[in-house]
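*Asks:* Protein chains in written order, with our numbering: chain A, 2 to 284; chain B, 233 to 506. Glycine is no exception: its CB is placed at the ideal position from the N, C-alpha and C atoms. Take a look at the following structure, please.
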Amino acid sequence: MSNEADTTTRTRLPLRVFSARAVWQSGTSAPAASLALAVLVLIAWQYLPPMFGVPKYIIPRVSDLWNEMIRMWLQENLLRHFISTASMSILGFVLGGLLGAVAGYALGLLPTWEKVLSPYILALQIAPKVAFAPLFILWFGYNAWPKLIVTVLVVFFPILVNVLQAMRIMDRDLINLARAYNMSKTKIFLKVMLPYSMPNLLAGLRIGATLAVIGITVGELVGGEIGLGYLISFGQGQANTSMVFDAIGLLTVIGVIMYWAVTSVENRILHYLPRAVGAQRSP
Amino acid sequence: MFLYEQDLPVPSAKSNVLRFLDVARRFPGRTAGAPPFTAVRDLSFEVNESEFVSIVGPSGCGKSTLLNMIAGLDHPSEGTVSLHGVEVVGPNSSVGFMLQKDLLLPWRTVLHNVEFGLEARNMEPGARRERALKELKRCRITGFADRFPYQISGGQRQRAALARTLAIDPDVVLLDEPFSALDAQTKIVLQKSFAGTIANAGLTTLLITHDLSEAVAMSDRILVMSDGPGRIVDEIEVGLPDRDNPIARLATPRASEIVKHLFHALHIDNRLDA
Ligand SMILES: Nc1ncnc2c1ncn2[C@@H]1O[C@H](COP(=O)(O)OP(=O)(O)OP(=O)(O)O)[C@@H](O)[C@H]1O
Ligand SMILES: [Mg+2]
């Protein structure tokens, strides 16, 4: 991935950046090995289950998955479902991210409010948000709102908490320096606090990107007539295991692409942090 | 003190820039009802124009508190701090401030960091850049203008921090242990470099330091503070020539005499805790 490019452009870095991990991966063989592993797994998947007499409706073979994918594309309007899930995930992610960031900065700037609200934030953060999906369906009916709201909620908290954390550990001396320069509060926020919190915000977004797909999927599973989550519950009703597998695979693809998009934005923005090289690898 | 009376320079007729008058600063007690903690008290002193004054004193005696009050980041509980005869009530753009931590913004290049202080003003970006470049040149780090802070050494970072401090054209520069995180060689090089820059610019400077020979090497006058609650217990006119050449100054016998005197004034030899 982009790690190799990073290591070459960062030759002037202090030594500690070259962690054991980086040394471990320094060979060019890593992607090739990953690819070989994938091929091996697919071959095993195709031939091992039939060898042990596992029926197709428990573990469909790779070729079955492929055929089902083509059938879904032709007969089930797969593209429409895929686009629906992808766009709703992105929308939920963007809305949840925006709200989480705004709330995080607002509470960071208003410590009294933060103290008052922190027990509730903690409770809501721990509460399994996806369990609200049936409730939202009762309230809003079988439309896009329940899944969108669930997703926004799911994405909201990790971002809120991460931003708040950055605002709490903010270097007071840095703020004092800006104050000593007679900087206005707005400028201090924009020029010091916002960039200072950027690593945390992006880490929150990275988590949010993967959670967004989960939120949408749960919403689609519980109710609705569109989306990959719906295809999963439909496939289950039809005892069509291949359909379920395919939908799960496509959901993963959406999640991976969103995660990758956030990570590449993160690497671009946080280029000034030597530790971003290591940080981008944590899940 | 009168030890060196014979070599005292003629008292300068220059107006004083900075003045502390019976200043005390108390912090609220840790728990409700606890008596307030007095960090400094009875502080009265003046710093004249273009004078370089150092403050030495044990850790926790209130030196940083004193600087914060000049910068307008903190306020005295009693007494007044004034700059150019005007009481300090808040941050003032004629004061430059520099700490042991370079406080460079890691997301900005050196050049953009130097521009930071200027961004508080309504200044045209072109002019701002030009000003910053001029300052980088004066602090001898032009070659690193486009680097990020993590790409330069500790000494270069302090140079960049000084450039940022001087870029706003302050009349008064406050330095809070700017060299104490550096290795011995870099420290000497930077002391010389800072001394030259400050002497050429004719800046009024207040330096806080733990290093007694640094105080002697760089300043015109040294104020000695006592253990908390901090007060000024001694004042020494250094009276050495070549303020812009700290190394040459330290080689003189008088310098070592002052260091020895400071050493005793601070009771370093019989102090057990740091
Ligand atoms: N905001 C604060 N609240 C309570 N006490 C404080 C506060 N700031 C400083 N103090 C106390 O005031 C005293 C002086 O602190 P200050 O930072 O000025 O010391 P200092 O002389 O700069 O020490 P050092 O040489 O170690 O930097 C210390 O005992 C410190 O604990
Ligand atoms: Mg201090």
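Step through the CB atoms of chain A and report whether any lies within less than 9 Å of the CB of S325 (chain B).
*Replies:* For the purposes of this step, residue 325 (chain B) is taken as residue 93 along the second sequence, with counting starting at 1. Answer yes: the Cβ-Cβ gap between S325 (chain B) and chain A drops below 9 Å somewhere.
*Asks:* For F19 (chain A), would you say it is in contact with chain B, using Cβ-to-Cβ distances shorter than 9 Å as the test?
*Replies:* Taking the first residue of the first sequence as 1, we reach residue 19 (chain A) at position 18. Only weak support is given to the placement of F19 (chain A): the predicted model assigns it a pLDDT of 49, under 50, and the value that follows is read from those uncertain coordinates. Not closer than 9 Å to any Cβ of chain B, the Cβ of F19 (chain A) fails to qualify, so no.
*Asks:* Should S451 (chain B) go down as buried or exposed, given a rule of 16 or more other Cβ atoms within 10 Å for buried?
*Replies:* On the second sequence, position 219 is the one that residue 451 (chain B) refers to. It is buried - the Cβ of S451 (chain B) has at least 16 other Cβ atoms within 10 Å.
*Asks:* Judging by CA-CA distance, which residue of B:S326, B:E351 and B:P268 is the nearest neighbour of T187 (chain A)?
*Replies:* Position 186 of the first sequence, counted from the start, is the residue given in the question as residue 187 (chain A). Ranking B:S326, B:E351 and B:P268 by Cα distance to T187 (chain A) puts B:E351 first.
*Asks:* By Cβ distance, which residues of its chain are closer than 7 Å to R372 (chain B), with the 5 residues on each side in sequence left out?
*Replies:* Position 140 of the second sequence, counting from 1, holds the residue named residue 372 (chain B). Answer for R372 (chain B): R391 and S425, listed in chain order.
*Asks:* Give the straight-line distance between the Cα atoms of D7 (chain A) and L252 (chain A), rounded to the nearest whole angstrom.
*Replies:* Within the first sequence, the letter at position 6 stands for residue 7 (chain A). Within the first sequence, the letter at position 251 stands for residue 252 (chain A). For D7 (chain A), the predicted model reports a pLDDT of 40, less than 50, meaning its position is unreliable and no value from the coordinates is stated.
*Asks:* Ordered along the chain, which non-local residues of its own chain (more than five positions away) have a Cβ less than 8 Å from that of W146 (chain A)?
*Replies:* The residue you call residue 146 (chain A) lines up with position 145 of the first sequence. Contacts found: F137.
*Asks:* Could you check which residue in B:H442, B:F277, B:Q417 and B:A487 has the C-alpha nearest to that of R251 (chain B)?
*Replies:* Along the second sequence, one-based indexing puts residue 251 (chain B) at 19. The shortest Cα separation from R251 (chain B) among B:H442, B:F277, B:Q417 and B:A487 belongs to B:F277.
*Asks:* Please name the residue or residues paired with R251 (chain B) in a DSSP beta bridge.
*Replies:* Here residue 251 (chain B) refers to the residue found at position 19 of the second sequence. DSSP output for R251 (chain B) lists B:E278 and B:S314 as bridge partner(s).
*Asks:* Compute the minimum distance between the beta carbon of I440 (chain B) and the heavy atoms of ligand 2, and state whether it is under 8 Å.
*Replies:* The count along the second sequence starts at 1 and reaches residue 440 (chain B) at position 208. Yes, Cβ of I440 (chain B) sits closer than 8 Å to a heavy atom of ligand 2.
*Asks:* For a test of your reading of the model: does the CB of T263 (chain B) fall under 8 Å from any non-hydrogen atom of ligand 1? Yes or no.
*Replies:* The sequence position of residue 263 (chain B) within the second sequence is 31, counting from 1. T263 (chain B) Cβ: outside cutoff for every heavy atom of ligand 1.
*Asks:* Is there at least one non-hydrogen atom of ligand 1 closer than 8 Å to the beta-carbon of E221 (chain A)?
*Replies:* Residue mapping note: residue 221 (chain A) aligns to position 220 of the first sequence, counting from 1. Every heavy atom of ligand 1 is 8 Å or more from the Cβ of E221 (chain A), so no.
*Asks:* So which residues of chain B does K130 (chain A) contact, with C-beta pairs closer than 8 Å?
*Replies:* As a first step, residue 130 (chain A) must be located in the first sequence, where it is residue number 129. Residues of chain B passing the Cβ test: none, with the nearest at roughly 33 Å.
*Asks:* Comparing alpha-carbon positions, which option in A:W140, A:W261, A:V254 and A:T264 lies nearest T86 (chain A)?
*Replies:* Counted from its first residue, the first sequence places residue 86 (chain A) at position 85. The option with the nearest alpha carbon to T86 (chain A) is A:V254.
*Asks:* Give every residue of the same chain whose Cβ lies closer than 6 Å to the Cβ of S243 (chain A), excluding the five residues on either side of it in the sequence, and list them in chain order.
*Replies:* On the first sequence, residue 243 (chain A) is found 242 positions in, with the first residue counted as 1. Answer for S243 (chain A): P61, D65, L66 and E69, listed in chain order.
*Asks:* Starting from the beta carbon of P410 (chain B), find every residue of chain A whose beta carbon is closer than 9 Å, and list them in chain order.
*Replies:* Locating residue 410 (chain B) in the second sequence gives position 178, where the first residue counts as 1. The contacting residues do not exist; P410 (chain B) stays about 13 Å from chain A at best.
*Asks:* Could you tell me which of B:D334, B:E283, B:V318 and B:F348 sits nearest to N183 (chain A), measuring between CA atoms?
*Replies:* Your numbering for residue 183 (chain A) matches position 182 in the first sequence. It is B:F348.
*Asks:* Closer than 5 Å is what we want: which residues have a beta carbon that near any heavy atom of ligand 1? List them in chain order.
*Replies:* Per the Cβ criterion, the list is B:F259, B:A271, B:S291, B:G292, B:C293, B:G294, B:K295, B:S296 and B:T297.
*Asks:* Assuming M330 (chain B) and L406 (chain B) are in contact, meaning their beta carbons sit under 8 Å apart, how far apart are those beta carbons, in whole angstroms?
*Replies:* In the second sequence, the residue the question calls residue 330 (chain B) occupies position 98. In the second sequence, the residue the question calls residue 406 (chain B) occupies position 174. Contact flag correct, Cβ pair sits at about 7 Å.
*Asks:* Can you tell me whether A128 (chain A) is helix, strand or coil according to DSSP?
*Replies:* Taking the first sequence and counting its residues from 1, one reaches residue 128 (chain A) at position 127. Coil, per DSSP.
*Asks:* Looking at ligand 2, does it come within less than 8 Å of D408 (chain B), judged from the CB to the closest heavy atom?
*Replies:* Stepping through the second sequence from its first residue, residue 408 (chain B) is reached at position 176. D408 (chain B): yes, Cβ under 8 Å from ligand 2.
*Asks:* Return the chain-ordered ranges of every alpha helix (DSSP H) run that is complete within the region 407-451 of chain B and spans a minimum of 4 residues.
*Replies:* Whole alpha helix (DSSP H) segments, 4+ residues: 416-433 and 444-450.
*Asks:* Label G317 (chain B) either buried or exposed according to how many other C-beta atoms from any shown protein chain fall within 10 Å of its C-beta, with 16 as the threshold for buried.
*Replies:* Within the second sequence, numbered from 1, the residue matching residue 317 (chain B) stands at position 85. So G317 (chain B) ends up on the exposed side.
*Asks:* Which ranges would you report for the beta strand (DSSP E) in the region 291-342 of chain B if only whole runs of at least 3 residues count?
*Replies:* Listed in chain order, they are 310-315 and 327-330.
*Asks:* Is it true that the CB of L455 (chain B) sits closer than 9 Å to the CB of S287 (chain B)?
*Replies:* Here the question's residue 287 (chain B) lines up with position 55 in the second sequence. Here the question's residue 455 (chain B) lines up with position 223 in the second sequence. The sequence shown places Ile at residue 287 (chain B), rather than the Ser named in the question. Yes. Within cutoff.
*Asks:* If the cut-off is 8 Å on Cβ atoms, which residues from the region 326-338 of chain B count as contacting chain A, listed in chain order?
*Replies:* Against chain A - using a Cβ distance shorter than 8 Å - the residues of the region 326-338 of chain B are V327, F329, L331, K333, L335, L337 and P338.
*Asks:* So A181 (chain A) contacts chain B; which residues on that side make the cut at Cβ distance below 8 Å?
*Replies:* Start at 1 with the first residue of the first sequence, and residue 181 (chain A) comes out as number 180. The contacting residues are A303, G304, L305, P323, V327 and F329.
*Asks:* Please state whether the Cβ-Cβ distance between A303 (chain B) and A181 (chain A) is less than 9 Å.
*Replies:* Locating residue 303 (chain B) in the second sequence gives position 71, counting from the first residue. Locating residue 181 (chain A) in the first sequence gives position 180, counting from the first residue. Closer than 9 Å, so yes.
*Asks:* Measure how close the beta-carbons of L222 (chain A) and I233 (chain A) come, nearest whole angstrom, since I'm counting them as under 8 Å.
*Replies:* Working through the first sequence from its first residue, we reach residue 222 (chain A) at position 221. Working through the first sequence from its first residue, we reach residue 233 (chain A) at position 232. About 6 Å separates the two Cβ atoms, so the contact holds.
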